[in-house]
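Asks:
Residue numbers (the working numbering): 42 to 398.
#1: For my contact list, residue 169 and residue 333 are in at a C-beta cut-off of 8 Å; report their separation, rounded to the angstrom.
#2: Give me the Cβ distance between residue 189 and residue 135, rounded to the nearest whole Å; I'm assuming they're in contact under 8 Å.
#3: Secondary structure at residue 168, three-state DSSP: helix, strand or coil?
#4: State buried or exposed for residue 282, treating a residue as buried only when at least 16 other CB atoms are found within 10 Å of its CB.
#5: Helix, strand or coil for residue 88 per DSSP?
#6: When burial is assigned at 16 or more other CB atoms within 10 Å of the CB, is residue 66 buried or exposed?
#7: So residue 172 and residue 391 are supposed to be a Cβ contact under 8 Å. How far apart are they, rounded?
#8: Output yes or no for whether 9 Å exceeds the beta carbon distance between residue 201 and residue 265.
#9: Just to confirm the assignment, what range does the beta strand (DSSP E) spanning residue 297 have?
#10: Counting beta carbon pairs with one atom in the segment 268-283 and one in the segment 184-198, are three or more of them shorter than 8 Å?
#11: My output table needs one value for residue 207: the three-state DSSP class, helix, strand or coil.
#12: Could you give the DSSP three-state label for residue 321: helix, strand or coil?
#13: Specify, as a first and last residue, the run of the beta strand (DSSP E) that residue 375 falls within.
#14: Grouping DSSP H, G and I as helix and E and B as strand, with all else coil, what is residue 115?
#15: So, for residue 344: in the same chain, excluding its five sequence neighbours on each side, which residues have a beta-carbon less than 7 Å away from its beta-carbon?
#16: Cβ atoms of residue 146 and residue 380: under 9 Å apart, would you say?
#17: Using 8 Å for Cβ pairs, my map puts residue 95 next to residue 328. What's the rounded Cβ distance?
#18: Please go through the same chain and pick out, in chain order, the residues whose beta-carbon is closer than 6 Å to the beta-carbon of residue 348, but skip the five residues on each side of it.
#19: Suppose you measure from the CA of residue 106 to the CA of residue 99; what does that come to, to the nearest Å?
#20: Quick one, which of 205, 198, 177, 196 has its alpha-carbon nearest residue 336's?
#21: What are the uninterrupted segments assigned as beta strand (DSSP E) that are 3 or more residues long and contained completely in the segment 244-269, given in chain order?
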């Protein structure tokens with residue numbers, strides 16, 4: 042039997058210890074490698090306005106970043122280079138799994154989304170933030186259970202800034218000034234309001250507005266102020282008429298394919314919900330308000346004549362708006378919602394949000 046003594050014995054012991062440590066480290070590394078990697082889900086998202094529009098870059102893209110952070114990278118959003126359908130078909134595009142996440146405005150789908158037209162009625166709050174937050178609260182409290190977004194997972198609702206009147210012909214000081222004027226609208230309440238004021242209203246998607254105005258097909262358009270920047274209308278618009286709270290607004294629903302939602306873990310669903318709902322309404326409202334403010338400065342810079350609605354025009358708009366309000370109340374009641382109560386509470390909620398509550 043071979044015996045090691047002294048230095049030789051110590052050297053052998055050191056070699057054995059080193060070998061043992063190496064084996065332990067190798068086993069640990071193998072155990073880590075053999076564990077399944079954390080699942081990652083990539084969802085597609087689309088926007089039917091341009092990549093430079095605030096809806097795309099300041100709302101959808103930012104919300105996507107928030108989702109990725111909230112889920113610790115387990116859920117990512119990939120923006121498609123092109124929307125898979127025309128704007129009015131977006132709801133069905135998400136329903137039919139052509140895209141996982143997108144949005145629609147109720148004014149483009151008024152037959153399907155009747156109750157969201159509440160937030161489009163004339164004379165709302167002074168900003169998108171106020172209207173979006175107030176509308177979000179009222180929607181989840183009273184309107185969601187009616188199922189108008191059935192088939193998709195609704196993530197949030199919001200509005201654009203107060204919808205104003207822009208035209209290429211003349212200043213609008215009284216209702217008679219609108220007689221026969223060809224006004225492009227997005228449909229819904231904007232179309233009803235334009236007709237009630239005596240204009241010749243028609244419906245076309247927002248991205249077509251520059252061509253319609255520059256070619257003379259339209260004499261004017263109903264839009265939030267930001268559209269002067271978003272759709273590059275500063276060179277064609279000559280007159281802006283601003284009504285307190287807007288002649289109308291547009292109510293947006295933001296949603297996900299229901300099957301894709303159901304396949305997410307409860308942990309990730311909760312994480313996504315934490316940056317949706319009212320936080321999403323606030324995100325959209327602030328983004329819209331910032332661009333509205335920038336657009337007002339742009340209008341001044343390019344020489345657009347900006348007029349606050351005259352007392353005469355305000356009175357006329359309010360008189361004509363009553364019939365539109367009453368119609369919404371009737372339509373809501375037919376869907377099992379107390380329309381008069383909800384409309385009154387929406388305006389009370391606007392006041393609460395304005396007061397910082």
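Ideal Cβ positions, reconstructed from N, Cα and C, are used throughout, including at glycine.
Fair warning: this is a prediction, and the values are worked out from it, not measured in the lab.
Replies: Considering the structure as presented:
#1: 7 Å
#2: 14 Å between Cβ atoms; not a contact.
#3: Three-state DSSP puts residue 168 in coil, outside helix and strand.
#4: buried
#5: coil
#6: A caution first: residue 66 carries a pLDDT of 40, below 50, which makes its placement in the model unreliable, though a value can still be read off. Burial call: exposed.
#7: 7 Å
#8: yes
#9: 292-298
#10: no
#11: strand
#12: helix
#13: Counting along the chain, residue 375 falls outside any beta strand (DSSP E), though it belongs to the alpha helix (DSSP H) covering 352-375.
#14: coil
#15: none
#16: no
#17: 5 Å
#18: 212, 282
#19: 11 Å
#20: 205
#21: 261-265
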